[in-house]
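First the structure, in the form of structure tokens, and then the observations on it.
Numbering (my numbering), first residue to last: 179 to 550.
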């Protein structure tokens, strides 16, 4: 442990004499403690030589535990130049980085994001611009002028420019509507419910539709007349997601072994270290980015490799049936959108020429209109 004061212990001497001798030579004493046969106190390192001369002249028994002075600091840094360079760089970064923009954080609805980014670019808000040159109020005003924006807030904190945008309307209500075109179905489905903002629905709940069928026509009926308007709405339906796996007597299944290896790669000022290689032949990769610094743009990528092992089974179909169904089901589940609501699952088995075909189908409710 390093001390910034020398600790002096004097034994076999009068305490008052020791103190008087030191004060006569203008030596400042700190934290003096009387001991059974002497005194212990602290002095500044630059008074060390004076104390040595005083006690040597009067033949006192003393001991000095040296603290840190300029010479010892310089000597330490000279021997450990890498540490000195590191601390010098950190000092420079703390001094300079807050003066420049490193990160622009934008919190805005997806349909407004490009326009907001365009205003930021036109205003010169980008990496390495001086933070003092960012006119937050002007940028706020320009973003607020974007159609559909009710509020904009721009502030600079450290090396980051934070932009927060609030819409005046919900994203679902801001749609580029072509009045002469109907709203089409993107997939084959059975309609479950419809939310029509404008236009006339072509089907009712329970009807089956094919991809490309018109779901909402671009008109409304008034008496005997059809008045043109935009076809706008949200249509939901049950969609089938299928996957087929064949089994001719053998099959290789793949699953995680439970072994994994995690590496961390430093990310500093946009520069990333060498990416690691997986120690496994078959694997899945998981990546997570962690920001460590506020003023200093330092972080790291956490990369995890999960080992995958393959097992080949050669069994009659009846014994391998569960494994075949499991694979087909897993493949079908993978294509179901995260926001879909699963209604039911079906398994269909067909044998042809000694080969078994297992089809797993997941029926889930989701948006089916092409404007999604």
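Even glycine gets a Cβ: it sits at the ideal position worked out from N, Cα and C.
In the DSSP annotation of this structure, residue 493 is not part of any beta strand (DSSP E), being labelled neither H nor E. Taking the CA atoms as reference points, residue 285 sits about 40 Å from residue 432.
Ranked by how close their Cα comes to the Cα of residue 380, the residues 397, 365, 366 have 397 in first place.
Residue 218 and residue 196 have their C-alpha atoms spaced approximately 10 Å apart. With fewer than 16 other beta carbons inside 10 angstroms of its own, residue 428 counts as exposed. A contact between stretches requires three or more CB pairs, one per stretch, nearer than 8 Å, and the stretch 508-518 fails this requirement with the stretch 359-370. Taking a cut-off of 8 Å for Cβ pairs, the stretch 521-541 and the stretch 413-423 touch, as three or more such pairs fall below it. Secondary structure note for residue 218: it is in no alpha helix (DSSP H), and the uninterrupted beta strand (DSSP E) holding it is 216-221. The C-beta distance from residue 317 to residue 342 rounds to 12 Å, too long to fall under 8 Å, and the pair is not in contact. By the criterion of at least three beta-carbon pairs nearer than 8 Å, the stretch 394-410 is not in contact with the stretch 436-444.
In the three-state reduction of the DSSP assignment, residue 289 falls in the helix class.
According to the DSSP secondary-structure assignment, residue 415 is paired through a beta bridge with 369, 544. DSSP, reduced to helix, strand and coil, places residue 516 outside both helices and strands of the structure shown, so it counts as coil.
In this chain, the alpha helix (DSSP H) harbouring residue 316 covers 314-322. Between residue 222 and residue 209 the beta-carbon gap is near 12 Å, outside 8 Å, which marks them as no contact. Take residue 304, set aside five residues on each side of it, and the residues of its chain with a beta-carbon closer than 8 Å to its own are 279, 282, 298, in chain order. In the three-state reduction of the DSSP assignment, residue 429 falls in the strand class. Sequence-distant Cβ neighbours of residue 544 in its own chain, meaning closer than 8 Å and more than five residues away, are 414, 415, 417, 515, 517, 518, 519.
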